[in-house]
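Participant: What the sequence shown shows, in my numbering, is residues 4 to 89, in sequence order. Take this structure first; my questions come after.
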Amino acid sequence: METEHSVGQESIDVYAERGDEAVAIEVARSAWHEVENVRKCLDYGVDQVRVAYLEDSVKYQVREQVMEAFDGVPDRVEFVPVSEFT
Numbered sequence: 004m005e006t007e008h009s010v011g012q013e014s015i016d017v018y019a020e021r022g023d024e025a026v027a028i029e030v031a032r033s034a035w036h037e038v039e040n041v042r043k044c045l046d047y048g049v050d051q052v053r054v055a056y057l058e059d060s061v062k063y064q065v066r067e068q069v070m071e072a073f074d075g076v077p078d079r080v081e082f083v084p085v086s087e088f089t
């Protein structure tokens, strides 16, 4: 596992591999720029993108933006409260 995994000139907040599975975790503190982060992770080819959030309001805003950008939430994307990581 590594934090700030380089993807070209950008980075993924947390990147982990287990066997053949790659997981990207983007920490959403606000809805700003998160659609681009999800797209970056999907384009990189990870198996699962987890958007971690502290506040439900951020989750709902990001989820709505992702649904608009991708015409629904892609199967490889899920929204997870930060509390599940502790």
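Backbone N, C-alpha and C fix where the C-beta goes; we use that ideal spot for every residue, glycine too.
Quick check on the burial criterion: 16 or more other C-beta atoms within 10 angstroms. Buried or exposed for Val69?
Facilitator: buried
Participant: Got a sec? Which residues, its chain only, sit under 8 Å from Glu24 by beta carbon, not counting five neighbours each side?
Facilitator: Asp50 and Gln51
Participant: Please name the residue in Tyr47, Val38, Asp74 and Ser33 whose C-alpha comes closest to that of Ala27.
Facilitator: Tyr47
Participant: What do you get for Glu29, buried or exposed, if any count of 16 or more other CB atoms within 10 angstroms of its CB means buried?
Facilitator: buried
Participant: Helix, strand or coil for Ala27 per DSSP?
Facilitator: strand
Participant: Quick one, which of Val85, Val41 and Ser60 has its alpha-carbon nearest Arg79's?
Facilitator: Val41
Participant: Run the CB neighbour count on His36, radius 10 Å, all protein chains shown included, and call it buried at 16 or more, exposed below.
Facilitator: exposed
Participant: Would DSSP call Glu67 helix, strand or coil?
Facilitator: Correct three-state label for Glu67: helix.
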